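Everything on this sheet refers to the single structure shown next.
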Amino acid sequence: MQSLEYATSGSQTIAVWPDLVTGNVNDPNVSFEMILSSDYGKQEAIVPLTLLNTPTSVTPRLVFSFLKSLLPNYTGNYTISIRQRDGIAAIWGSLNILWLDYDAFWSAGSDPSNAILIDTDRAWVEGNDVPTYTQYSSPDETGAYIIYH
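First residue of the sequence shown? That's 153 in our numbering, and the numbers climb one at a time after it.
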């Protein structure tokens, strides 16, 4: 279980022991992303991850850094999925995917079918959705109401 904190600035690190890692993770074309899926409303947030360490066969742990501001700002339980992409450029006419399913700018995109799920986990996100209450300090803000039967 990961403990994540939403904030308007700053970064946070997480460590995962992935179920699967393919290829050379230190290749500059390889990227990682974390998908947070809300258990309550099923909304999703995609957070790009930056790999901070060099994993080996002895220590396969991956340490990632990400911006706190990209996390959902609602407190609650989430399912996280970490995906690895190999960074192959999308070439017109070479993708085997429906146009409506491709969600990226064409010039900066990569083949969305090349994302490999390397780990899933649970997360608690501490957000800032705590309600704020207004307290009035002057004496003339008292109110009254009448109940009719």
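For each residue, glycine too, the CB sits at the ideal point set by N, CA and C.
Here the structure is a predicted model, which is why all the values come from computation and not from measurement.
- Spanning the alpha carbons of Asn181 and Leu203 requires a straight line of approximately 12 Å.
- Ser163 sits in a strand when the DSSP states are folded into three classes.
- For the set Asp238, Met186 and Ser161, the Cα lying nearest the Cα of Ala167 is the one of Met186.
- Take the alpha-carbon of Ile232 and the one of Ser217: they are about 15 Å apart.
- Membership of Met153 in any beta strand (DSSP E) is not indicated, and neither H nor E is assigned to it by DSSP.
- With a beta-carbon spacing of about 5 Å, Leu188 and Tyr230 fall inside the 8 Å limit used to define contacts.
- Between Leu214 and Pro207 the beta-carbon gap is near 6 Å, inside 8 Å, which marks them as a contact.
- Between Val199 and Leu222, the C-beta gap is smaller than 7 Å, which places the two residues in contact.
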